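>
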Amino acid sequence: MATRYQYETSPRKLEPNIRKEKKKQNIKVVKDLPKQDVKLSKEQKIKHKRATLLVIAIFVVLFTISYRNTRINEKFNEIQNLKTELSSLQKENEQLQVTIENSLNLSNIEKQAKEKLGMQRLSNKQTVYVNLPKKDYIESATEKIEISNSNDKNWFQKFIDKIFNR
Numbered sequence: 109m110a111t112r113y114q115y116e117t118s119p120r121k122l123e124p125n126i127r128k129e130k131k132k133q134n135i136k137v138v139k140d141l142p143k144q145d146v147k148l149s150k151e152q153k154i155k156h157k158r159a160t161l162l163v164i165a166i167f168v169v170l171f172t173i174s175y176r177n178t179r180i181n182e183k184f185n186e187i188q189n190l191k192t193e194l195s196s197l198q199k200e201n202e203q204l205q206v207t208i209e210n211s212l213n214l215s216n217i218e219k220q221a222k223e224k225l226g227m228q229r230l231s232n233k234q235t236v237y238v239n240l241p242k243k244d245y246i247e248s249a250t251e252k253i254e255i256s257n258s259n260d261k262n263w264f265q266k267f268i269d270k271i272f273n274r
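With the first letter of the sequence shown counted as 1, position 61 gets the number 169 in my numbering; the numbers rise by one all the way through.
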């Protein structure tokens, strides 16, 4: 056999190791062996249950935090959308107010009345004066009016009033 140290530049050739091959041939894999029932003590079962409950509790806490954060994000986005809608409506409202103020100008009203409706200003020839006498035409009331509160009377008083026609 060759020594461990080699002083040449070319690598040495590996010789197969016969001993290792013999060991591999002797090993047989046994399948279908029945599993042994491993009995756990009560303390180990309790520790196992506590660990699973702890994992479930951590999962529930993380799930609720995640759900809460998604709800917060949804509400935040909804608020942002409503704010943008509000600002656009306010801008539109301001623009409409400006157009209303511009259209309320008397010269604009007169111009639109002349152009669209064909109206014209009155001339002195179209003015008609009416003379009214200075006598007052209001007549005074001749009948006596009584105001009675029938709501203040009870049912017996109303019945008596109907019988005697008061």
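Heads up, the beta-carbon is just placed ideally off N, CA and C, and yes, glycines get one too. Predicted model, so just to flag it, every value in this text is computed and none were measured.
1) How about Q228 and K222: are their beta carbons less than 8 Å apart?
2) Cα separation between I154 and E182?
3) Suppose you measure from the CA of L194 to the CA of V206; what does that come to, to the nearest Å?
4) When you compare only the Cα positions, how much space is there between K224 and N201?
5) For I271, I'd like the list of residues in its chain whose CB is within less than 6 Å of its CB, leaving aside the five on either flank, ordered along the chain.
6) My output table needs one value for L204: the three-state DSSP class, helix, strand or coil.
If we stick to the structure as given:
1) The Cβ atoms of Q228 and K222 lie closer than 8 Å to each other.
2) Using only the alpha carbons, I get a separation of about 42 Å.
3) C-alpha of L194 to C-alpha of V206: approximately 18 Å in a straight line.
4) Their backbone Cα atoms lie some 27 Å apart in a straight line.
5) Result list for I271: empty, nothing under 6 Å.
6) In the three-state reduction of the DSSP assignment, L204 falls in the helix class, which pools H, G and I.
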